[in-house]
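Trainee: Position in the sequence shown counted from 1, then plus 832, gives you the working numbering.
Every residue gets a Cβ at the ideal spot worked out from N, C-alpha and C, and that includes glycine.
To start, I am sharing the structure in question, which I have written as C-alpha cells.
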Amino acid sequence: MRFNNELVLHNVFYAYPEAEKEALRGVSLNIRRGEAVGLVGPSGAGKTTLVNLIIGLLDPSSGEITVDGTSVGRHAQSWQQTVGYVPQEINLLDDTLERNVSFTFAGEASVDDRVADAISLAQLDDVIDGLPDGIKTVLGERGTRLSGGQRQRIAIARALYNDQLIVFDEATSALDNESESEVAHAIQNLTGSKTLLIVSHRLSTIRHCDRIFYLENGEVSDIGNFDELYNRHAPFRELVELGNLHVPGDDQAAQ
Ligand code: ADP
Ligand code: MG
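See the structure below:
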C-alpha cells in the first residue's frame, strides 16, 4: 500500500468489546503526506485507540479509514509494513545496532544505505562514533548499555527504516528532561521530510507540528496549530498552563 497523498478518517466510531461506551465517536480527520500532526488530550481521551486504528491494529466499529482512497481494513498487513511505530519504550534485540534498526540481515549494500540514512536522520551518528564497533556494536542485555534518550533514538531509526508514516505514542514520556530534549530534537529534525503522527504530553515535542488534533471523550474537539489552539481552545490552553504540556527548559534546549 502506498501513501502518496492523504490518510482520511471518515466518521470513525470504535467500541472495545464489552465496553459500555465508545472510545471514539465520529472522528473525521485527514493527515497529508509530509505533514507533522500532534495528537493531544487528557488521559483516556482515546489517543492510543486512534493510533491503533490508524496503524491498522484495530478495525473501526463503523466509519472508514482510507489511504489514498484505499480502505486500510482490507489491507491491514500491507499497511502495517509501511508504518513505523515508536512506542514509549523500545525493546532492544541482543544484536548489533544495525540489526536493531533493520531487523534484516545486514551486509547488503542496499540495506546498509537505508540503515545509514535512518541512523543519520535519528541523529545517532555521534552516538555511533562513540561505540567500540560502530554500527556493528552489540546492544541489548549482554551488549553495550545505552541511555534512555539513545535507546529512543534507536526506536526512531527503526521506525524510519520502514518509512511512509511514523507514529509516536508517548515516545518521550519515560525520559528525563535532558534525554527528552535530545529525542524531541531528533523528532523535530524529521518535520518537513516525513509524515509524522505524534502523541505527546511534552510541549517541546508537539510545539512545531503543522497541525494539532485535540481529542476529548473520544471526539476531536478542535484542529489547528499550536498558537491557534492556545488562543481559542480553552481545554488545550489549560493543558499547557497546568504544565501538563510543558517541561521548563525543554523548549529552548529543543531549538
Ligand atoms: P489515551 O491514549 O488518550 O489515554 P485510550 O485510547 O488508551 O486513551 O483509551 C480510551 C478509552 O478506552 C478509555 O476510556 C479506556 O479506558 C478505554 N480502553 C482502552 N483500552 C481498552 C481495552 N483494551 N478494553 C476496554 N477499554 C479500553
Ligand atoms: Mg495512550
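1. From what residue to what residue does the beta strand (DSSP E) around residue 898 run?
2. Who sits around ligand 1, taking every residue whose Cβ is closer than 5 Å to one of its heavy atoms?
3. I need the boundaries of the alpha helix (DSSP H) containing residue 1059, first residue and last residue.
4. Helix or strand or just coil, what does DSSP make of residue 837?
5. Say yes only if the C-beta of residue 958 is nearer than 7 Å to one or more non-hydrogen atoms of ligand 2, and no if none qualify.
6. Taking all protein chains shown into account, decide if residue 883 is buried (16 or more other Cβ within 10 angstroms of its Cβ) or exposed.
7. Just verifying my parser: in three-state terms, what is the DSSP assignment at residue 1084?
8. Quick one, are the C-beta atoms of residue 903 and residue 847 less than 8 Å apart?
9. Taking the Cβ atom as the reference point for each residue, do residue 781 and residue 918 lie within a distance shorter than 8 Å?
10. Thinking C-beta only, is residue 895 closer than 8 Å to residue 1047?
11. Taking 8 Å as the cut-off, decide whether the C-beta atoms of residue 861 and residue 841 are in contact.
12. Could you have a look at residue 1053 and say whether DSSP puts it in helix, strand or coil?
13. Would you say residue 984 and residue 1007 are within 8 Å of each other, going by their C-beta atoms?
14. What would DSSP say about residue 907, mapped onto helix, strand or coil?
15. What's the gap between the Cα of residue 1041 and the Cα of residue 867?
16. What do you reckon, is the C-beta of residue 1002 under 7 Å from a heavy atom of ligand 3?
17. Use the C-beta contact count for residue 928: other C-beta atoms within 10 angstroms, 16 or more gives buried, fewer gives exposed.
18. Tell me, which residues are paired with residue 1026 by DSSP?
19. How would you write the range of the alpha helix (DSSP H) that residue 930 sits in, first residue to last?
20. Does residue 935 pass the burial test, meaning 16 or more other C-beta atoms within 10 Å, or should it be called exposed?
21. In chain order, what residues of the same chain have a beta carbon less than 8 Å from the beta carbon of residue 922, not counting five sequence neighbours either side?
22. Look at residue 926 and residue 837 and say whether their C-beta atoms are less than 8 Å apart.
23. Secondary structure at residue 969, three-state DSSP: helix, strand or coil?
Mentor: So, from the data block:
1. 894–899
2. 848, 851, 855, 875, 876, 877, 878, 879, 880 and 881
3. 1058–1064
4. coil
5. no
6. buried
7. A caution first: residue 1084 carries a pLDDT of 43, below 50, which makes its placement in the model too unreliable to give a value.
8. no
9. It is not possible to answer for residue 781, since the shown part of the chain is limited to 833 through 1087.
10. no
11. yes
12. strand
13. yes
14. helix
15. 8 Å
16. No copy of ligand 3 appears in this structure; the ligands present are ligand 1 and ligand 2.
17. buried
18. 1023
19. 929–934
20. exposed
21. 983, 984, 986, 987 and 990
22. no
23. coil
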